[in-house]
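Structure first, then comments.
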Amino acid sequence: MKSTLADRQRGQLCTRLLSGTTIAFLGTGRSLSKIEFLASSGIGHFILVDGGTVERENIGQSGFACDDIGRLKGDVAADRVRRINPEVQVETFACRDHELEDLNAVLRNADLIIDGTDSLSAAMRLSRAAFQLGIDALHIRTEGDNRQYVIAGTLRNAPGLGCVRCFLKSACDRHEAGHQSPPFFNSHRIVPETLNVKGAWVALGLLHYRAGSTLSIASIGEHFAQLPCWIGLNGIHGASGDIFPIRAYREPLPSGWRCPVCGTSACAKPPVQRPEDPNQERDRQ
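Each residue of the sequence shown is one higher than the last, beginning at 1 in the UniProt record's numbering.
The structure is reproduced here in C-alpha cells:
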C-alpha cells in the first residue's frame, strides 16, 4: 500500500496490521464493493471462493459493469482488488464452498472468514469450519424481501452463543425442515451497498479488536464480539418511526436445546457489556 494512503489512514486504521491480514470471502457477487472497501483499507491477502459468472441481471443489483458479463465473479473481484493495490495477494477458487476438496485447508490460514452466500446450508458449513479452525467468521446477508439484513458472527472464544446456527435458530430450523426461499428477491444496488458499508466497518473493527489495537475502530469490534448478531432494516420501522434502524438480536432458545454446530447450551448467559475505555482512541501504530 502506498505510503500516502497509510499516512491518510493514520489514527483511523492500522495499515501495518491490515497489510498482514488474510480475509477469505465465500461468495463475491453482492459483496463486490465490500471487497473493494477492504482492499482500499490495506488488506494484504484475499481468498475468493465463487463459482458463479456475471449475468446481465447482476448489473443493476451489485457493483458489476456490462463488460464483466460472462466472466467469473471471483476473477472480476480479483481484478478490482489488484487495481486498487497491485501488491495484494489474491487466491481465487472458481467453485462453491461445498465443491472444494478440503474447505478447512483453504480457510485455515485466514484471519477472518466472510460468508456472503445466499444459502443457510452454506452458512452452517462455514460456521462449522470456522468453529473447528478457531477463526472468526462474519455471516452477512439480506433476508426476506431484502428489507431486512443480518450481520451475525461465529466467533472464537465467544462469551455467549457461539455461531450463526444459534443466533438464527428459527430460520435454520425452517431451512432444515425443507423450507425453500425464492431463488432471488427483486431489489436494487443500494440494498447490498448499505449492508456492505456496515459489514466492512464490523470486519475492520473486529480485526483491530482481536489484534489489541487501541484505535477507536476497535471499539466496534469489541461491541460486536459481546453481541455478535445485528438485525437492520432498509426502510422505516413502523413501530418507532426510525429510518434504517439496526439493533442487536438474541433469539430466545427453548430449555434444553443444544446447538448442533458449536454445542452451545440454551442456558448460556448473555455477555455482560463493559464500559467504554476512555483511552480507546490512542494510536498504537
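Where is the CB? At the ideal position from N, CA and C, for every residue including glycine.
Would you identify the three-state DSSP class for residue 1, choosing helix, strand or coil? Model confidence at residue 1 stands at a pLDDT of 47, short of 50, so the residue's coordinates are unreliable and nothing is read from them.
Nearest to residue 133 by alpha carbon, out of 102, 216 and 53? Ranking 102, 216 and 53 by Cα distance to residue 133 puts 102 first.
Taking the beta carbon of residue 136 as the centre, do at least 16 other beta carbons fall within 10 Å, making it buried, or is it exposed? With 16 or more Cβ atoms within 10 Å of its Cβ, residue 136 is classed as buried.
Hey, which unbroken runs of the beta strand (DSSP E) at 3 residues or more fall wholly within the segment 186-265? When DSSP assignments are scanned along the segment 186-265, the uninterrupted stretches of beta strand (DSSP E) that are 3 or more residues long and fall wholly within it turn out to be 229-233 and 246-248.
Assuming residue 24 is part of the beta strand (DSSP E), what are its boundary residues? Unbroken beta strand (DSSP E) run through residue 24: 22-26.
Just the Cα atoms here: how many angstroms apart are residue 83 and residue 145? Residue 83 and residue 145: Cα-Cα distance of roughly 34 Å.
What are the boundary residues of the beta strand (DSSP E) that includes residue 35? Per DSSP, residue 35 belongs to no beta strand (DSSP E); it is in the alpha helix (DSSP H), 32-41.
Compare the C-alpha of residue 53 against each of 36, 211 and 95 and name the closest. Relative to residue 53, the option among 36, 211 and 95 whose CA is nearest is 95.
Please confirm if residue 34 has its CB atom under 8 Å from at least one CB of chain B. Included in the structure is just one protein chain, with no chain B present.
Tell me, please, whether the segment 62-75 touches the segment 165-178 by the rule of three or more beta-carbon pairs shorter than 8 Å. Look at the beta carbons and you see the segment 62-75 not touching the segment 165-178: under three pairs across the two are nearer than 8 Å.
With H, G and I counted as helix, E and B as strand and the rest as coil, what does DSSP make of residue 97? Residue state, collapsed to three classes: helix.
Considering just the uninterrupted stretch of the alpha helix (DSSP H) at residue 15, what are its terminal residues? Note, residue 15: alpha helix (DSSP H), 15-19.
Rounded to whole angstroms, what is the Cα-Cα separation between residue 15 and residue 91? Answer to the nearest angstrom: the Cα atoms are 21 Å apart.
So, at 6 Å on beta carbons, what are the nonlocal neighbours of residue 232 in its own chain, with the 5 sequence-adjacent residues on each side left out? Cβ neighbours of residue 232 beyond the five flanking positions: 149 and 246.
Could you say if the segment 39-58 and the segment 218-233 meet the contact criterion of at least three C-beta pairs nearer than 8 Å? Proximity of the segment 39-58 to the segment 218-233 falls short of the contact definition, fewer than three beta-carbon pairs being nearer than 8 Å.
Ordered along the chain, which non-local residues of its own chain (more than five positions away) have a Cβ less than 7 Å from that of residue 261? Shown here for residue 261: same chain residues with a beta carbon closer than 7 Å to its own, the five before and five after excluded, namely 124, 127, 128, 131, 163 and 165 in chain order.
Using CA coordinates, which residue listed in 172, 225 and 151 is at the minimum distance from residue 208? Selected option, being the one with the closest Cα: 225.
If you draw a straight line from the C-alpha of residue 40 to the C-alpha of residue 158, how long is it? Distance between the alpha carbons of residue 40 and residue 158: 29 Å.
Would you kindly work out how many angstroms separate the C-alpha atoms of residue 64 and residue 37, rounded to a whole number? Whole-angstrom Cα-Cα distance: 15 Å.
Residue 263 versus 190, 252, 196 and 161, residue with shortest Cα-Cα distance: Put simply, of 190, 252, 196 and 161 the residue whose alpha carbon is nearest the alpha carbon of residue 263 is 161.
CB-CB length for residue 23 against residue 152, believed under 8 Å: About 17 Å separates the beta carbon of residue 23 from that of residue 152, a gap too long to meet the 8 Å contact definition.
Would you list the one or two residues that DSSP bridges to residue 153? The partner list for residue 153 (beta bridge, DSSP) reads 138.
Using alpha carbons as the reference points, say which of 184, 143 and 186 lies closest to residue 172. The option with the nearest alpha carbon to residue 172 is 143.
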